[in-house]
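Here the sequence shown stands for residues 1 to 285, where the numbers follow the UniProt record's numbering.
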Amino acid sequence: MNQIDVYQALETSPKMPVIPPEISDIFEMIRQPDLLDIDLLAEKVALYDGLNQAVLTNVNSGYYQISRTIENINEAIVFLGMKTMRNLLIYFITELLFHDELGKQSSLFSSHQYWKHNLGTAVACNILSSKLKIGDRFQLFSYGLCHDIGFAILNACLPDLVDQIFETMSRGVHHIVAEKIALGGKTHADIGAWICEKWGLPEDLGLVVKYHHSPLLSTDNLSEIELIHVADCISTEYYQRLIGLDVRHPINARVMQNLRITKDMVEEIGASLPDEVEQVSRIFA
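This is the structure we're talking about:
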């Protein structure tokens with residue numbers, strides 16, 4: 001399947017969600033943070049059933065170490081910052097849009113373990129940010145939640161191709177190679193970048209989605225994207241062990257050097273990740 005075929009198949013899939021007008025308004029608002037009217041954003045979020053409550057429930061879960069209860073989106077934005085809040089909104093919107101499709105068509109794909117991988121990447125991002133003193137750890141956590149949006153699109157719209165990918169991976173093939181075989185040279189990162197552009201999502205999130213497997217190709221937000229790459233590799237190995245695959249995912253050596261990350265640090269985070277993910281999983285349930 002060539003590039004045009006992949007995107008055309010996604011465009012014409014009956015499972016591709018139609019963005020409700022109020023969600024389009026939210027996407028447009030968070031795309032231009034300098035012009036943002038926080039009160040109007042909170043009003044728009046409240047219009048979409050479940051979104052406002054989902055965000056506030058998780059903001060008040062204890063994970064963000066807030067000393068008091070956050071009662072509305074306005075307060076959440078002030079505490080977490082606009083970039084973190086907009087990424088959380090994007091994550092929950094994606095969950096809502098694809099809730100009925102995720103995992104129900106592909107026979108080999110587990111939406112539950114996929115979700116744990118995203119959560120594992122987010123947790124590893126948070127830990128690495130704290131250890132390396134790079135970026136805002138909560139913003140990086142939100143990047144981790146959203147980084148694999150392309151795979152959500154693939155599983156919802158093209159489940160047969162997802163089965164092909166997992167069948168190839170079961171023979172010991174790296175998941176990026178398996179994706180290129182099934183998708184005519186494209187990967188879930190390409191699909192994710194495509195959907196970010198299609199939906200008008202923020203540019204910095206689009207860069208994370210596009211380059212988290214090839215961070216050295218990015219010309220912007222390099223340290224954060226390198227950190228996402230490391231967190232994703234750590235979490236991917238954990239996730240694939242859960243589904244019985246044994247495919248190695250080495251971290252780019254240049255990235256390790258750039259961030260001054262040691263193998264001991266990676267092994268330490270990898271060892272602690274299962275317990276950390278289970279704890280955070282209960283919070284985000």
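Just so it is clear, CB atoms sit at the ideal spot from N, CA and C, and this is done for glycine as well.
Identity of the residue in the options nearest residue i by Cα
i	options	result
residue 301	LYS210, TYR64, SER129, PRO159	The chain is shown from 1 up to 285; residue 301 falls before or after that span and cannot be answered.
ILE269	GLN257, LEU201, ARG282, THR236	THR236
VAL255	GLU278, LEU222, GLN8	LEU222
MET29	ASP232, ARG86, LYS133, VAL266	ARG86
HIS147	ARG31, LEU88, ILE251	LEU88
LEU128	LEU10, CYS233, GLN279	CYS233
VAL266	THR121, TRP115, VAL280, LYS15	THR121
ALA231	GLN65, ASP25, GLY144, ALA46	GLY144
GLU203	PHE27, TYR7, LYS263, HIS174	PHE27
GLU276	ALA124, ARG31, ALA46	ALA124
SER142	MET82, GLN8, LYS263, PRO33	MET82
ARG282	TYR63, THR94, ILE251	TYR63
residue 358	ILE165, PHE151, ILE228	A question about residue 358 goes unanswered here, because the residues of the chain that appear run from 1 up to 285.
TRP115	TYR48, TYR239, LYS15	TYR239
PRO274	HIS117, GLN8, LEU51	HIS117
PRO33	THR84, VAL173, LYS131, ARG137	THR84
ILE149	VAL45, GLU197, ALA271	GLU197
MET16	CYS157, ALA178, LEU161, GLN65	CYS157
GLU179	HIS212, GLN65, GLN164	GLN164
ALA54	ILE66, ASP37, ILE93	ILE93
ILE19	LYS210, GLY192, VAL162, TYR48	TYR48
ARG31	LYS133, GLY200, ALA193, SER218	GLY200
GLN139	LEU205, ARG171, ILE176, ASN155	LEU205
PRO14	GLN257, LEU154, ILE90	LEU154
SER272	ARG260, ILE176, ASN126	ASN126
TYR91	GLU11, GLN65, ARG171, LEU51	LEU51
ASN252	HIS213, TYR7, ALA193	HIS213
PHE151	GLU226, LEU35, ASN258, HIS175	HIS175
LYS133	ARG260, ASP264, THR168, GLN279	ARG260
residue 287	THR12, LYS131, GLN113, GLU11	Here the chain covers residues 1 to 285 and nothing more, so residue 287 does not appear.
GLU224	ILE191, GLY192, ASP136, ILE181	ASP136
GLU11	PRO215, VAL280, ILE195	ILE195
Segment limits, alpha helix (DSSP H) that includes residue i
i	result
ASN58	51 to 59
LYS116	111 to 132
VAL78	73 to 80
TYR143	137 to 146
ARG31	21 to 31
ASP264	263 to 283
ARG254	253 to 259
ASP39	38 to 47
Worksheet item: Should the segment 71 to 89 be called in touch with the segment 39 to 48, which here means at least 3 C-beta pairs below 8 Å?
Response: By the Cβ test, the segment 71 to 89 is in contact with the segment 39 to 48, since at least three Cβ pairs between them sit closer than 8 Å.
Can you confirm whether the segment 171 to 191 touches the segment 56 to 74 when touching is taken to mean that 3 or more C-beta pairs between the two stretches lie within less than 8 Å?
No: fewer than three Cβ pairs fall under 8 Å.
* Considering only residues of the segment 149 to 204, which uninterrupted alpha helix (DSSP H) runs meet the minimum length of 4 residues and lie entirely inside it, listed in chain order? -> Within the segment 149 to 204, the complete alpha helix (DSSP H) segments of 4 residues or longer fall at 149 to 157, 159 to 169, 175 to 182, 188 to 199, listed in chain order.
Q) If we count Cβ pairs, one from each stretch, closer than 8 Å, do we get three or more for the segment 55 to 69 versus the segment 9 to 28? A) With the cut-off at 8 Å, the segment 55 to 69 and the segment 9 to 28 do not touch.
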